[in-house]
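**Q**
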Amino acid sequence: MRIHAIETGVVSIKTRQRQGVGSTGRRLNTLLDNMWTEWLPIYCWVVEHPEGIIVIDTGETARTCSPSYFPRWHPYFRFGVRMRVEPEQEVGPQMKKLGLSINDVRWTIMTHLHTDHSGGISYFPRSEFLVSRQEYKSSVGLKGKLRGYLSDHFPNWFEPRIIDYTSGEYGIFRTGYTVTEAADVLVIPTPGHTLGHQSVIIRDGEITYLFAGDTSYTEQLMIDRNIDGVSPSSRLAQDTLARIHEFICTEPTVYLPSHDPLSKQRLVQKIPTTIFKL
Ligand SMILES: [Zn+2]
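If you're matching positions, the sequence shown starts at 1 in the UniProt record's numbering and goes up one per residue.
(1) Since Met-1 is in the alpha helix (DSSP H), which residue starts that stretch and which ends it?
(2) Ordered along the chain, which non-local residues of its own chain (more than five positions away) have a Cβ less than 6 Å from that of Arg-82?
(3) Quick one, which of Glu-206, Tyr-255, Cys-65, Asp-184 has its alpha-carbon nearest Thr-223's?
(4) Between Ile-54, Asp-116, Gln-220, His-4, which lies nearest to Phe-77 when the distance is taken from Cα to Cα?
(5) Give the residues whose C-beta lies closer than 6 Å to at least one heavy atom of ligand 1, in chain order.
(6) I need the boundaries of the beta strand (DSSP E) containing Val-47, first residue and last residue.
(7) So, using beta-carbon positions, are Ser-199 and Thr-208 closer together than 9 Å?
(8) Check this for me: beta carbons of His-193 and Ser-231, under 9 Å apart or not?
(9) So within the stretch 113-143, which uninterrupted alpha helix (DSSP H) runs reach at least 4 residues, ignoring any that extend past its ends?
(10) Can you list, in chain order, the residues of its chain whose CB lies under 6 Å from that of Phe-247, leaving out five sequence neighbours each side?
(11) If the criterion is Cβ atoms closer than 9 Å, does the pair Ser-216 and Pro-261 meet it?
(12) Could you pull the start and end residues of the beta strand (DSSP E) that Ile-275 belongs to?
(13) Taking Glu-128 as the reference, which of Ser-139, Lys-137, Asn-103, Gln-269 has the closest Cα?
(14) Count the other CB atoms, across all protein chains shown, that sit within 10 Å of the CB of Pro-160; report buried if there are 16 or more and exposed otherwise.
Written out as structure tokens, the structure reads:
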């Protein structure tokens, strides 16, 4: 299996979004923070699997640079996030450069539907999109807009397969959805950053990869079990990190969050996370 890390531009958020502060009012704390993170990568992943190409998340679109792309009334887009994406950084052109045809993509697995993960959906009309039931529900309608989903920008053909995690399990993850016939690609629920957030486990020979979306912004934050400042449920986010922590302790795993500047290096060098237990 060849797996490619594709950086579809960069994003900067508030430091208190990366690592939440306070036991209540964490979202407000995030918004009022005046410290920005350095520019962080927006990764998506392309897997050359024997059963077809699998794309995990679709990255961001260069259209974010046009002033009308984000709703100006929404405080998060106005005060909480900055993006830099060039057209040639979008997932489509980058796949072409790698010699991969977007028409050969069989599955597109969405960890969640936030803009920096769903900006490239329009490149894959022929693929089967896999989205959790809860995530799809959270993203649509007025409530979805208030939550910060840009569902107006989803293509009108976008009708994902809704995942309920009834066809697989892996270690501590007792429910999941098996994607491939070889049962080496599995989607598991990892709620927290969003209620319907999911991650992808891929077994390639002796190596296990965990494509973690935004369960944490870096590997270190997962190791330290520090959750972000925007999760709608701190309890779910904590539970998810605890579970990932335990998973990684029982099975050497290359942990790959979407915005960790070191994710690509860990993927290329196949470096599993080491957790020292006291
Ligand atoms: Zn993200």
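In this text, a Cβ means the ideal position worked out from N, Cα and C, and glycines have one as well.
Every value quoted in this text rests on a predicted model; they were computed, and no experiment measured them.
**A** By the coordinates alone:
(1) Taken as a continuous stretch (DSSP letters only), Met-1 belongs to no alpha helix (DSSP H), as it is neither H nor E.
(2) Ser-12
(3) First, the amino acid is wrong: residue 223 is Ile here, not Thr. Ranking the options by Cα distance to Ile-223, first place goes to Tyr-255.
(4) Asp-116
(5) His-114, Asp-116, His-117, Asp-214, Ser-258, His-259
(6) Counting along the chain, the beta strand (DSSP E) containing Val-47 begins and ends at 40-49.
(7) no
(8) yes
(9) 115-118, 133-139
(10) Gly-171, Ile-172
(11) no
(12) No beta strand (DSSP E) contains Ile-275, which DSSP labels as neither H nor E.
(13) Asn-103
(14) buried
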